[in-house]
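Note that the sequence shown covers residues 606 to 1068 in this note's numbering.
All residues carry an ideal CB built from backbone N, CA and C; glycine is no exception.
These figures come from a predicted structure and were not determined experimentally.
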Amino acid sequence: MLFLGWSVFPLVLLYWLENVIVGGFNGAAAEVRRRPHPLTPSPLRERGNKRCCSFSFGISSVVRRILLADADAFYVAVARAIDPEGAGRAPLLIVGGSRESRGVVCSASYETRAFGVRSAMPIARALRLCPDAMCVPVPMKECVKRSAEIRQLLHRFAPIVEGASIDEWYLDLTGTEGVYHHEPLAATAERIRGGVREATGLTLSIGGGTNKLIAKMAVARAKPDGVLIVEPGGEEAFVRSCTLAEIPLVGPKFQARLAARGLVTVEDVFLYDSATLRRTGGLSAREATWLWNRVHGVDEAGVAHREVNRGLSRDETFAKDLHEDEDIERELLRLVTRAAGDLRGGGLTARTVTVRLRDWDFRTRSAQRTMAEPVVSDRVILRVARELLVTLRKARRVPARLVGVRLSGLAAPQAEDQFAFFRGASPDETERDRGLAQAIDRVRGKFGQKSIVPGGIAEGEQR
Ligand SMILES: [Mg+2]
606 MLFLGWSVFP LVLLYWLENV IVGGFNGAAA EVRRRPHPLT PSPLRERGNK RCCSFSFGIS
666 SVVRRILLAD ADAFYVAVAR AIDPEGAGRA PLLIVGGSRE SRGVVCSASY ETRAFGVRSA
726 MPIARALRLC PDAMCVPVPM KECVKRSAEI RQLLHRFAPI VEGASIDEWY LDLTGTEGVY
786 HHEPLAATAE RIRGGVREAT GLTLSIGGGT NKLIAKMAVA RAKPDGVLIV EPGGEEAFVR
846 SCTLAEIPLV GPKFQARLAA RGLVTVEDVF LYDSATLRRT GGLSAREATW LWNRVHGVDE
906 AGVAHREVNR GLSRDETFAK DLHEDEDIER ELLRLVTRAA GDLRGGGLTA RTVTVRLRDW
966 DFRTRSAQRT MAEPVVSDRV ILRVARELLV TLRKARRVPA RLVGVRLSGL AAPQAEDQFA
1026 FFRGASPDET ERDRGLAQAI DRVRGKFGQK SIVPGGIAEG EQR
């Protein structure tokens, strides 16, 4: 739409209002529309009146209404939902792996966070801080399923939904005032929360305002189980009530650089225009403009209608560091076999293979390759993954703590039959590879995952 320029934009917007808002997205928003409201006119009548027409004459008067819906302690909530008798009864809950594993915390319950437990912290350290916590593995499949469910529900409330991560979605409600009978945005946010809670049992927090930056900062304040809307015009005052650390992407390193120049609080930065920030803060022109926009609550980014292409990852943190190339390779083969099987099981193809290696000293390295054509077979994915592993090991041959593989650039080919589904795959990948992969899946479906394993794995297990 951007390419069309401002002159065409009002027409496009009008079309969107007519066809998407009023005629298109229905469900929950439509329920609001149908419900008689004593004070406001029906949006259907509004289509012909001034309020709607003002869009075409004064684009600058369009105030964006952006929400960020963020599921509260998502992984923890899902782990509790699928195991009500176990994890569901544990206030102190860590999701990420077993007590003995050397994994990291993926998410921790709010009660556990009070002990200082944070995501990405090694589980062993988290348990030193909170010894009574229960640890469970990440219920990834269920999380992906619930995430898709929430996304579906959000589509009933907003015409544009952008997945920002597995548990965060931006909603663009610009132009939907009439549909919602001009209720305050906070009331709409509560309506959305109620709808999702009722359908899934999961709670969302919602932040909102005139742009994505404000919505993101507001939701951090609203958590858990709350709503915070920053009214139009209130952006600067809101950001000024925050610390620099609360501004997204102003990380510890950037903060340290600013502090070295005497810029410690938002207020310190707020005083300067971007040229002065450049000189005083020792910033590049780009950094200075970026920072100025941030502290003034300015963010032009649009909400893009897209799903998060999460990719499919499998990794393994070893109980003991692995020293030998062949041992690491065997683990990689095991992971690739699982990932490729899941890829085909989901009716997907992948174009990019990434291999990740975490060394004994926690240094994490990765290598990836994107293929010209999508692939599905164990043989091709294994070959690429093996080559990537060799590259990584050549660069630094030290004991490894973790190895992982990620298949991304996922696509679900638009095809009726499986034969056509495989037809578009890589020239590296022969018909025979694809046929073999399908046959393997059939055997595994019947006799279990371990009924057929690649040679490398089998040899390792016989040793
Ligand atoms: Mg969350």
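Where Y775 is concerned, there is no enclosing alpha helix (DSSP H), although the beta strand (DSSP E) around it starts and stops at 773 to 777. R1047 and R949 have their alpha carbons spaced roughly 11 Å apart. With respect to R968, D920 sits apart: the two C-beta atoms are not nearer than 9 Å. Our two residues, G1009 and C740, have alpha carbons roughly 21 Å apart in a direct line. Secondary-structure assignment with DSSP links I671 through a beta bridge to D777, G814.
As DSSP reads the structure, I797 sits in no beta bridge.
Taking the Cβ of D675 as the reference point, at least one heavy atom of ligand 1 falls within a distance shorter than 8 Å.
When DSSP states are grouped into helix, strand and coil, T881 belongs to the helix group. Taken through DSSP and simplified to helix, strand or coil, K821 comes out as helix.
D688 carries a coil assignment under DSSP once its states are collapsed to helix, strand and coil.
For D873, the enclosing alpha helix (DSSP H) stretches over residues 871 to 875. Ranked by Cα distance from V667, the first of L758, G780, S846, T959 is G780.
Approximately 29 Å separates the beta-carbon atoms of E841 and G768; this is outside 8 Å, ruling out the contact. Classified as exposed, S770 has fewer than 16 neighbouring CB atoms from the shown chains inside 10 Å of its CB. Residue pairing by DSSP places R919 opposite V1010 in a beta bridge. Fewer than three beta-carbon pairs drawn from the segment 722 to 741 and the segment 875 to 890 are found closer than 8 Å, and the two stretches are therefore not classed as touching.
Burial check for V801: the Cβ neighbour count within 10 Å reaches 16 or more, so the residue is buried. Listed in chain order, the non-local C-beta contacts of L790 below 8 Å within the same chain comprise R670, L672, L778, G813, I834, local neighbours out to five positions each way being set aside.
Between V985 and D1038, the CB-CB gap stays under 9 Å.
Just so you know, the alpha carbons of Y680 and V709 end up roughly 13 Å apart. Between P853 and A823, the alpha-carbon positions lie close to 11 Å from each other. In the structure shown, the three-state DSSP call for M745 is helix. With a threshold of 8 Å, the Cβ atom of A890 does not count as near ligand 1, since no heavy atom of the ligand is closer than that.
Check the Cα spacing between E934 and each of E992, Y715, R845: the tightest is with E992.
Where E978 is concerned, the enclosing beta strand (DSSP E) starts and stops at 969 to 980. Relative to the Cα of I699, the nearest Cα in the group A909, Y715, F762, R943 belongs to Y715. Scanning S971, D926, V844 for the CA closest to the CA of N816 turns up V844.
Look at A692: its beta carbon is at least 8 Å from all of the heavy atoms in ligand 1. DSSP links D964 through a beta bridge to A1005. Within the same chain, Cβ atoms closer than 7 Å to the Cβ of L697 are found at S714, E716, T717, C735, D737, A738, M739, the five residues on either side in sequence being excluded. It is roughly 11 Å from the alpha-carbon of V980 to the alpha-carbon of E1036. Straight-line spacing of the CA atoms in I819 and A674 works out to 13 Å. With respect to the 9 Å criterion, V743 and G701 are classified as neighbours on the basis of their beta carbons.
Looking at A729, G806, A850, E851, the one whose alpha-carbon comes closest to that of D830 is G806. Here DSSP, grouped into helix, strand and coil, assigns D983 to helix.
In chain order, T975, M976, P979, G1014 place their CB closer than 7 Å to the CB of R956, counting only its own chain and leaving out the 5 sequence neighbours on each side.
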